[in-house]
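Some notes on the structure that comes next.
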Amino acid sequence: MTVVIGFEGSANKLGIGIVRDGVVLSNPRCTYITPPGQGFLPRDTAKHHQERVLEILQKALDEAGIAPHEIDCVAYTKGPGMGAPLVSVALVARTVAQLWSKPLVGVNHCIGHIEMGRLITGAHNPIVLYVSGGNTQVIAYSQRRYRIFGETIDIAVGNCLDRFARVLKISNDPSPGYNIEQMAKRGSFVELPYTVKGMDVSFSGILSYIEEAAQRMLASGECTAEDLCFSLQETVFAMLVEITERAMAHCGVREVLIVGGVGCNLRLQEMMEVMCKERGAKLFATDERFCIDNGAMIAQAGWEMFRSGLTTEIKDSWITQRFRTDDMEVTWRD
Amino acid sequence: MGEQPLGFELEVPFPSAREARIAWAALSADPEPRGRGISRVEELRLGGGTLGVRWSAAEARILRVSVSSYLDHLGLVLRTMDAFGPPQPGSAQNNSA
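As you go down the protein sequences, you meet chains A and B in turn. Position one of the first sequence corresponds to residue 1 (UniProt numbering), numbered consecutively onward. Position one of the second sequence corresponds to residue 1 (UniProt numbering), numbered consecutively onward.
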């Protein structure tokens, strides 16, 4: 029996989760929400995390019914992410690891999403589409690495959606992506740039185009905000489906797993499902409990790492804003 | 790097050497985020019960941001030790199955 506590705070969500042998015992979380039209900045986000982290930690222990001495390992997000929020959470993880005399494991944020996705859905060896505000990657596991077959060459798809929400002054509660999704249900199509580049994608041009379109077309009444939300989703999600399908074809894989915050989006899941059905493949997705950044996903990846013999010395436990998914050797898989 | 014109030194006494070491290890793991123009050195002093921190910086603004951020981090470590301490003796083995 192995119990791992995981600390996650790489962006505006702060979560601490406890996992024991494949079971999530607790997973409390809170979100730093900014006013409409504003994104979250690193310093203010870090302040939020510093103010809430000990309360969330106590809640995780209470809800799991676990005492510190029962914990075997402390896992935290080493990166990638925003510098100041990452440091704020890592400090607490390092401190409690020493207070409780437990080993520490630094986890890659993306691998956290993948391992939780695999645990929850039971997907065996899928093509992984990892889509969030900070990351957009198509990943396949091969020879002890989570290899990046395709990715964004500029901004993440979630970043594109979030920044478009700012232009329209859409609420950030519960998340701008969720609110775009709701508005899109009432829209019709407006043509936007389609920028797939082989296995890679680009979103910055689409964002610039639709920002300009929002100013011009809304002022003239040529279309509605709902139309632009619908069109942005249709365009960027079709791009994601295309690069995922291309990776499936290259690898001969019949499973797709969507992870990351944008993976919550039901329209994206629907479009991916259509493609998978046509290819005779199976789609796996999780709900918002695990799609969105959370502590349990770090605990789960930490559990795999710890059980395979990986730990992080305190002196090596610095955070890094850039931590490539394929930098980590996956010693817990064949 | 060479000597910088501005400096700041901080000494933080702790109830025990063990607690000072815990704070030192937690805080010293992360280097300055923008290494250029500032350096920070942490050490344990006075028999290990005091954390000493020394900064050197090229500009007052950079120094102020770094010290302010460090104090926030120190505050968080202290609150963590208050809430989830005291330090437990090292466990001989984990109960891994």
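Even glycine gets a Cβ: it sits at the ideal position worked out from N, Cα and C.
* Who are the near neighbours of S10/A in its chain, counting only those whose CB is closer than 6 Å to its CB and skipping five residues on each side? -> Result list for S10/A: T77, G81, L86 and H109, in chain order.
| message | From the DSSP secondary-structure annotation, give me the bridge partner or partners of R144/A. | response | BP columns for R144/A are empty, so no partner.
Leaving aside the five residues before and after F237/A along the sequence, list all residues of the same chain whose C-beta is less than 6 Å from its C-beta, in chain order.
-> For F237/A, where only same-chain residues beyond five positions count, the Cβ hits under 6 Å are L268 and M271.
According to DSSP, simplified to helix, strand and coil, what is K102/A? The three-state reading of DSSP puts K102/A in coil, since its state is none of H, G, I, E or B.
ask   = Can you list, in chain order, the stretches of the beta strand (DSSP E) that have 3 or more residues and sit fully within the segment 129-217 of chain A?
value = Considered as a whole, the segment 129-217 of chain A harbours 136-142 and 145-151 as its complete beta strand (DSSP E) runs of no fewer than 3 residues, in chain order.
field: Beta-carbon gap between R61/B and G7/B smaller than 8 Å
entry: For R61/B and G7/B, no; Cβs fall outside 8 Å.
- Any C-beta of chain B under 8 Å from that of P28/A: For P28/A, the answer is no, since every Cβ of chain B falls outside 8 Å of its Cβ.
request  = Return the chain-ordered list of same chain residues with a C-beta closer than 8 Å to the C-beta of E191/A, the five sequence neighbours on each side being excluded.
outcome  = Counting only Cβ-Cβ distances below 8 Å, and skipping sequence neighbours, we find S231.
Quiz prompt | Exposure label - A25/B; buried when at least 16 CB within 10 Å | solution = By the neighbour-count rule (16 or more Cβ atoms within 10 Å), A25/B is buried.
Start-end ranges of the beta strand (DSSP E) lying completely within the segment 43-91 of chain A, minimum 3 residues:
For secondary structure counted as the beta strand (DSSP E) over 3 or more consecutive residues, the segment 43-91 of chain A holds these complete runs in sequence order: 73-79.
| What do you reckon, are the CB atoms on T311/A and G79/A nearer than 8 Å? | A distance of 8 Å or more separates the beta carbons of T311/A and G79/A.
query = Buried or exposed: where does S220/A fall if 16 or more other Cβ atoms within 10 Å of its Cβ makes it buried?
reply = The residue is exposed, with fewer than 16 neighbouring Cβ atoms inside 10 Å.
- request: Could you work out which residues of chain B lie near G83/A, taking near to mean beta carbons separated by less than 7 Å?
  value: The contacting residues are P33.
- Return the residue from the list G83/A, P42/A, E245/A and I16/A that minimises the CA-CA distance to V138/A. If we check each option's Cα against that of V138/A, E245/A comes out closest.
query: Are any of the Cβ atoms in chain A nearer than 8 Å to that of T80/B?
result: At least one beta carbon of chain A lies nearer than 8 Å to the beta carbon of T80/B.
**Message:** Is there a C-beta anywhere in chain A that falls below 8 Å from the one on V77/B?
**Reply:** Closer than 8 Å: yes.
Cα separation between A301/A and T152/A? Looking at the backbone, the Cα of A301/A and that of T152/A are separated by about 24 Å.
Give the secondary structure of S68/B by DSSP, where H, G and I count as helix, E and B as strand, and everything else as coil.
-> Under the three-state reduction of DSSP output, S68/B falls in the helix class.
Practice item. Just mark Q215/A as buried or exposed, buried being the case when its beta carbon has 16 or more other beta carbons within 10 Å. Key: Exposed.
>> So, under 8 Å CB-CB, A20/B and T50/B are touching, yes? Tell me the CB distance rounded to an integer number of Å.
In response: With a Cβ gap of about 6 Å, A20/B and T50/B count as contacting.
Please state whether the Cβ-Cβ distance between V23/A and N125/A is less than 8 Å. Not in contact: V23/A and N125/A (Cβ atoms no closer than 8 Å).
TODO: Under 8 Å Cβ to Cβ from G205/A, same chain only, skipping five residues before and after it: list those, please.
DONE: Within the same chain, G205/A has close Cβ partners P193 and T195.
Under the three-state DSSP convention, the category R322/A falls into | Here DSSP, grouped into helix, strand and coil, assigns R322/A to coil.
Per-residue contacts from I319/A into chain B (C-beta, under 8 Å): Correct list: D30.
Exercise for review: Count the other C-beta atoms from every protein chain shown that fall within 10 angstroms of the C-beta of R29/A, then say buried if there are 16 or more, exposed otherwise.
Suggested key: Counting other Cβ atoms within 10 Å of its Cβ, R29/A reaches 16 or more and is therefore classed as buried.
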